[in-house]
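Residue numbers (my numbering), protein chains in the order written: chain A, 13 to 394; chain B, 19 to 156.
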Ligand SMILES: [Zn+2]
């Protein structure tokens, strides 16, 4: 069987503005991003026959398809686990197109998080499993759940707040180069970081992603079709989902080794089907709902050994010109938190050579979805 | 304060806790303890389970100190601690809880700077049936 390797390509990307508050609703923003991506590709909406999205968005396929004028859809999928599903949308479309189930696929994410409710505030929808084991004790928010792993990680491996600051700073520096980023004009200093308010110790304000309104989309077609599109194709070289054995979601305190998560599972599959290794990755877009996810992901995806993720961030490693330029649009920490879809589009921009913080000659890019929940990842190449 | 929204798998844990007993689910066929509770054993696939009493002794595996924004009842007590305790009897069973100065003491009763990873703790039970944790050497 031929497999997915380079069989499909991302040929269009689109996005709305990002802001703490946008007046339009989630559905309208979704329509705008999708139409922008199709326009970027030079493909008419009527040609779309596949859709992929992920959970924690209310706009469904029916609403989107009838609004923007899609043709008959023969493939549509919705991946679970919120931010863990971002890259899986492209993976599902690539699978569908490579196996002949569809020809033009659109993946999207629209979100009203900046001006909408915070999901953790909804006490009525408290699910019995596993919330009963955590929420009564005041472990309420995703940041509390991840801070628990971060504290243990720092204790076991000697990682420090300076390592987490390195992550926040790299993302902020890239956002300062990106006029579309929410934090474009807001530089970050070490003093600001070290004196900022706590959210859940050991994580402070700047360890947390933004809360953003906005939408993004991308268009996936076969490699043959991609040659006729407007832009240089960005090939889906390898793709994976990851739900490890005995995984417990963000409260992964109950398996033998809580400091390894879904990234390790996704990475094993991703590299098995790739022609290159972590050492050959020119630029990475790694899911950054919290800074502490980056050291874990660096280990999981094989950029360093266990316990070295903190030290990896030293000496400007994550900056342009460093060992692994990270989240070059500013990421969820400083561009926009749109459940990681901006990381996919930024990966495409890097491989087209059009990023606002372009890595010279970038030809390979890793994009990851949320670590700490069932996840997904893509290796893109030009 | 939020009460546990329980399910058929978890209900026995809370029933025992209300009686002041800390018990964890274990496979009745192969003996392996498991947490959180679930319908069958991931090691041997047996549906037979028992609720094994544990000593209530453990060590702090990790902890956080949440600050607002939080739900109102919790914001009132913030900053407070939430700990994960690794049980001495079953080191891979780790329970989330609060380290307090004694039974029914508030979530913020112990200053956060008294908490250390690795510190020995043991379980006490609040009037609401929630296990809490106190330092062995206060
Ligand atoms: Zn068993």
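For every residue, glycine included, the Cβ atom is placed at its ideal position computed from N, Cα and C. The model shown is predicted, which means the values in this text are computed figures rather than measured ones.
Check, Outcome
"Assess, as a yes-or-no matter, whether the stretch 121-132 of chain B is touched by the stretch 66-73 of chain B under the definition of 3 or more beta carbon pairs within less than 8 Å.", "no"
"If the criterion is Cβ atoms closer than 8 Å, does the pair residue 186 of chain A and residue 351 of chain A meet it?", "no"
"Can you list the residues of chain B that residue 147 of chain A reaches, using a CB-CB cut of under 7 Å?", "20"
"Any beta carbon of chain A sitting closer than 8 Å to that of residue 100 of chain B?", "yes"
"When you compare the stretch 247-266 of chain A with the stretch 37-46 of chain B, are there three or more beta-carbon pairs, one atom per stretch, that lie closer than 8 Å?", "no"
"Just by C-beta distance, which residues in the stretch 295-326 of chain A are closer than 8 Å to chain B?", "none"
"Going along chain B in order, which residues have a C-beta closer than 7 Å to the C-beta of residue 255 of chain A?", "Result: empty, since nearest Cβ-Cβ is about 14 Å, beyond 7 Å."
"What is the DSSP secondary structure of residue 385 of chain A, counted as helix, strand or coil?", "coil"
"Which residues in the same chain as residue 62 of chain A place their Cβ atom closer than 6 Å to its Cβ, once the five residues preceding and following it in sequence are excluded?", "87, 105, 108, 114, 117"
"Just to confirm the assignment, what range does the beta strand (DSSP E) spanning residue 153 of chain B have?", "149-153"
"Taking 7 Å as the cut-off, does the CB of residue 61 of chain B come closer than this to any heavy atom belonging to ligand 1?", "yes"
"How would you write the range of the beta strand (DSSP E) that residue 253 of chain A sits in, first residue to last?", "246-254"
"Cα-Cα, which of A:72, A:310, A:247 is closest to residue 287 of chain A?", "A:247"
"Any C-beta of chain B sitting closer than 8 Å to the C-beta of residue 51 of chain A?", "no"
"State the beta-bridge partners of residue 318 of chain A as determined by DSSP.", "None; residue 318 of chain A has no bridge partner."
"Quick one, which of B:87, B:104, B:41, B:116 has its alpha-carbon nearest residue 210 of chain A's?", "B:87"
"With respect to the alpha helix (DSSP H) encompassing residue 98 of chain A, which residues constitute its N-terminal and C-terminal limits?", "98-110"
"DSSP three-state label for residue 296 of chain A, please.", "strand"
"Between which two residues does the beta strand (DSSP E) holding residue 50 of chain A run?", "Looking at the DSSP string, residue 50 of chain A is not in any beta strand (DSSP E); the run it does join, the alpha helix (DSSP H), is 38-53."
"Of all Cβ atoms in chain B, is any one closer than 8 Å to the Cβ of residue 159 of chain A?", "yes"
"Quick one: residues in its chain with C-beta nearer than 6 Å to the C-beta of residue 337 of chain A, no 5 flanking neighbours on either side, listed in chain order?", "295, 371"
"Cβ closer than 8 Å: which chain B residues qualify as neighbours of residue 167 of chain A?", "80, 135"
"Let me know the alpha helix (DSSP H) ranges lying completely inside the stretch 339-366 of chain A, each 4 residues or longer, listed in chain order.", "343-346, 353-364"
"Leaving out five residues before and five after residue 344 of chain A in sequence, what residues of the same chain have Cβ atoms less than 6 Å from its Cβ?", "221, 300, 301"
"Whose Cβ in chain A lies nearer than 8 Å to the Cβ of residue 85 of chain B?", "209, 210, 211, 212, 213"
"Beta-carbon of residue 139 of chain B versus every beta-carbon of chain A: anything under 8 Å?", "no"
"Which ranges does the alpha helix (DSSP H) cover as unbroken runs of at least 4 residues, wholly within the stretch 136-210 of chain A, from first to last along the chain?", "140-143, 154-169, 173-187, 202-207"
"Between which two residues does the beta strand (DSSP E) carrying residue 370 of chain A extend?", "Where residue 370 of chain A is concerned, there is no enclosing beta strand (DSSP E), given that its DSSP letter is neither H nor E."
"What does DSSP give as the partner residues of residue 120 of chain A in its beta bridges?", "A:229"
"The beta strand (DSSP E) with residue 81 of chain B in it runs from where to where?", "75-84"
"Could you tell me the distance, in whole angstroms, from the CA atom of residue 249 of chain A to the CA atom of residue 394 of chain A?", "9 Å"
"Please check if any C-beta of chain B sits within less than 8 Å of the C-beta of residue 176 of chain A.", "no"
"Kindly list, in the order they appear in chain B, the residues whose Cβ is closer than 7 Å to that of residue 156 of chain A.", "82, 84, 100"
"Below 9 Å between beta carbons is the criterion; list the residues of the stretch 112-124 of chain B that meet it against any residue of chain A, in chain order.", "112, 113, 114, 115, 116"
"Is any heavy atom of ligand 1 found at a distance shorter than 7 Å from the C-beta of residue 50 of chain B?", "yes"
"Using beta carbons (cut-off 8 Å, strictly below), is residue 266 of chain A in contact with chain B?", "yes"
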